[in-house]
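Quick notes on the structure that follows.
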Ligand code: F6R
C-alpha cells in the first residue's frame, strides 16, 4: 500500500528520498512522486509506474538526481484508491497557492463534503484524490504557524491518515500527523527521516520513534516535538532501537525476495522457538504473555482473527490449540469480526495474527474487542507496529522483514508460534509433562527436516514445469493440513493469477468435484497420519474423473503411488507439526509456477504488502 518518506537534514534530500521509496517498493504502488525544498524553491516530479520511471524522468530533465539541491523533502508511492493512477493524482499534493505540499496515506472519508466546502470558498482542485482536500484545508487555516494549521485542519477530517507536510513559509521543518496509518521518525545525526515503514530508514539510522494515533509532530533537522492532538500536550517518547539488519532487506544473490525468504525458513523457525522452550518442565516460555498470565489461565474460549495468510495460519492454530490445550477455538476473518456482534462472554480472549501489525481490518477488530472489555493478544512480526502496541499482550515472531508481498517465512513462523502457544496453554490445562517434552523434542528436530525439504526445490521446479500452463487447480487436505490447502491455493493464485481453490478433502464430493477433468489438477497434502486412508479415498474419486494428482506425503505407499501423478516426499514428523514441513513444497510450487508464467513474483499485480485501508 502507499508509502511515505520525508527528510530534513544536512544532506541533499532527493537521493535519500528516492532510496527510501525503493525500500518501500515491496508494499505495492502504481505511481510515485517527490518534492524537495531549497530555501524558497521547490523541485517537484511525479510519474506513473515504477520508481525507476520517476528517476529516469528526473535524470532526463535535470541530469543526475544529486544535482538537485534541497535539504528538505517528502516523497510518496501511491496505490490508487480515489482516482486512477496518473501523474495528476500522484502525491505530493498542493494547495492553490502552491506553498503547502503534502503526502498522505489512508482515506479521507468526508472528502466530498470538505471539497464542496472548500470550492465554495474559492479553492480550485486539480486531482481526483481525497488527499488534495488536506492541502487546501491547511491553506485555509494557515495563520503563520504550520503545525497549528494542520492541527486545525485535521479537526474537520474524518478518516485515516499518515501525513507529512512541507511549506515554503516555514522551510526549516516537516509537520507530520498520524491517525490509523503508520508513521515513524528515524533519528539520525543532524538529520531526521520520517517514513511509513522501518525499511525506508534503516540504511540511515537504527533509532526510531513510533507515532501513535492522534499525535502530531514538528520536525527540524536536529530535534522534534510530538504533541497529542487531543490534549494539545507535548508528549515525551522513547527512542527505540531497530534490530533488523540492512542485509535482511536485500536479495543476497537470490533471484527474488520470495525465494530468499523461503530459504530463510530454518533460521526463521529457530528464531521463533529460540529461548522459548523449557524442556525439563515440558513448557513454553512466552515472556510477552506474562503480563496477563492470570487472565490467560482463565481463558475459556479463544477467537483467532486475521486476514489472508495470517487467517490460514490461525486455522492451523485452531487445530493445535483445541487438540493440545483443549480450549475451544474459533476463526474469524478480521474484516467480518469488526462488524458482527459476536457474543463475547467472560473468559473469551481474542488472538490477532498479523505480519505487518498494521492491517486495517485486524486493527479495527482488536479495537472493537477492547471496547467490549475482552482480553486481546497478538502474534505480530513487525516490532513496534500498531497492533503490537495496542494488544494487551503478545508474542513477536522475530522473523525479520518480509519483503516479498506474498507471505512465506512469516506464515511458517506464525505456525511455529502457535505450536508454542498450544504448548503454553496446554501445560496450564490438560497436557502432561511427557507430552510437553515430546512436543519440545520434535520441535528441536524440525530445523534439519526443514533443510531436507528445501533440497526438494529442483524436484518441485520440474513438477511446476509439467503443470505451469494449467488454468485451474484444487488444493486438498484434512485436519491440520486443511488450512494448508487454503494457503497453497492462495499462494498460487496471488503469484500466478491462476484460478486455485482450497478445500477440505472430504468436501470435494459435495460439489466441487463437478469441475474435475484431465485439465484440473488436484494438489493433496496427505501425510501418513490419522486421516491418510481418507485422503487416499478422496484421491481415488479424483482419479476416476481423470483428474491429475500431485501429492505431498511422508510415506512411499504402494496404493498412493498407484493413484498419484507426482509425489513429493517430505520427512516424517508428529501429525500436528506436519504443516511446518508440508508448507514449503507448496510455497516452492507457487514460486516456480509464477516464474514459469513470467509473473512479477515479489510484487504481484493489484496487491500490497500491508493493507492499511478497509
Ligand atoms: C498473502 C498475504 C496476505 C496477508 C494479509 C494479512 O500472501 O501476504 O494475505 O497475509 O494481507 O496481512 P498481515 O499479516 O500483515 O496482517
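In this note's numbering, the protein residues as written are 1 to 614.
For every residue, glycine included, the Cβ atom is placed at its ideal position computed from N, Cα and C.
The structure displayed is predicted, hence computed values, not measured ones.
Taking a cut-off of 8 Å on C-beta distances, the segment 164–181 touches the segment 189–204, as three or more cross pairs fall below it. In this structure the segment 352–370 lies against the segment 384–395, because at least three pairs of beta carbons, one per stretch, are closer than 8 Å. Residue burial is scored here from C-beta neighbours: residue 62 has fewer than 16 other C-beta atoms within 10 angstroms and is therefore classed as exposed. Segment contact: the segment 29–46 against the segment 63–76, three or more CB-CB distances shorter than 8 Å; contact assigned. Under DSSP, residue 523 forms a beta bridge with 475 and 550. Not a single heavy atom of the ligand F6R lies less than 7 Å from the C-beta of residue 143. Between residue 554 and residue 569, the C-beta spacing is below 8 Å.
Residue 566: member of the beta strand (DSSP E) spanning 566–569, first to last residue. Residue 365 sits in a helix when the DSSP states are folded into three classes. Here the segment 596–603 does not lie against the segment 421–437, with fewer than 3 beta-carbon pairs under 8 Å apart.
As the crow flies, the alpha-carbon of residue 358 is around 32 Å from that of residue 444. Taking one beta carbon from each stretch, the segment 215–229 and the segment 146–155 have 3 or more pairs nearer than 8 Å; the two touch.
The beta carbon of residue 348 lies closer than 6 Å to those of 301 and 374 in the same chain, with the five residues before and after it left out. As for any alpha helix (DSSP H) of minimum length 4 sitting wholly inside the segment 408–474, the runs are 409–427, 433–454 and 457–467, ordered along the chain.
Within the segment 351–404, the complete beta strand (DSSP E) segments of 3 residues or longer fall at 375–380 and 393–396, listed in chain order. Nearest in C-alpha terms to residue 105, of all of 235, 178 and 341, is 178.
Residue burial annotation: residue 337 is buried, with at least 16 other C-beta atoms found within 10 angstroms of its C-beta.
If you look at residue 126, you'll find it isn't in any alpha helix (DSSP H); DSSP assigns it neither H nor E. Per DSSP, residue 207 lies in no alpha helix (DSSP H) segment; the continuous beta strand (DSSP E) that holds it begins and ends at 207–210. Under the three-state reduction of DSSP, residue 36 is assigned to strand. Contact check for residue 591 and residue 258: beta-carbon distance about 6 Å, within the 8 Å limit, so the pair qualifies. A buried status is given to residue 529, since no fewer than 16 other beta-carbon atoms sit within 10 Å of its beta-carbon. The shortest CA-to-CA distance from residue 575 to any of 180, 95 and 482 is the one to 482. Going by beta carbons, residue 6 and residue 150 fall outside the 8 Å limit. In this structure, residue 276 lies near residue 285, with their beta-carbon atoms less than 8 Å apart.
Here DSSP, grouped into helix, strand and coil, assigns residue 273 to helix. In this structure, DSSP gives residue 43 an extended state, which the three-state scheme calls strand.
For residue 27, the three-state secondary structure derived from DSSP is helix. No heavy atom of the ligand F6R is found nearer than 7 Å to the CB of residue 264. Rounded to the nearest whole angstrom, the C-alpha separation of residue 288 and residue 274 is 14 Å. With a contact defined as Cβ atoms closer than 8 Å, residue 331 and residue 350 miss out at about 12 Å.
For residue 105, the enclosing beta strand (DSSP E) stretches over residues 100–105. Annotation for residue 2: 29, 76, 77, 78, 79 and 105 place their beta carbon closer than 7 Å to its own, counting only its chain and skipping 5 residues before and after. Across the structure, residue 271 and residue 141 are spaced so that their CA atoms are roughly 50 Å apart. Each of 426, 100 and 131 was checked against the Cα of residue 108, and the nearest Cα belongs to 131. The alpha-carbon separation between residue 407 and residue 96 amounts to approximately 42 Å.
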